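Counted from 1, the sequence shown has number 271 at position 44 by my numbering; the numbering is strictly sequential. All residues carry an ideal CB built from backbone N, CA and C; glycine is no exception. Because the structure is a prediction, the values reported are computed rather than measured. Read through the structure below, which is laid out as structure tokens, and then see the notes.
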Amino acid sequence: MEGTGDKVSMCIEIASRLIEEVKPYCAGVHIQALGWEKHISAVVKNLK
């Protein structure tokens, strides 16, 4: 993430990819945004 111009977009992408990876192994995920609550919808929209 260092050197990236848009840390918010990078974090959203990482969170989305992580959720996609664990999706086959669990019934759901719990997102704790810790101050980034306004970005949760972007993470969910990135999911396939």
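Could you tell me which of GLU240, VAL249 and GLU248 sits nearest to ILE267, measuring between CA atoms? GLU240
Can you give me the Cβ contacts of VAL270 inside the same chain, cut-off strictly under 6 Å, excluding the 5 residues immediately before and after it? ILE239, ALA242 and SER243
If we call anything under 8 Å between Cβ atoms a contact, is LYS275 one with GLU248? no
Taking the alpha carbon of ASN273 as the point to measure from, which residue in LEU245, GLU264, LYS234 and GLY262 has its own alpha carbon closest? LEU245
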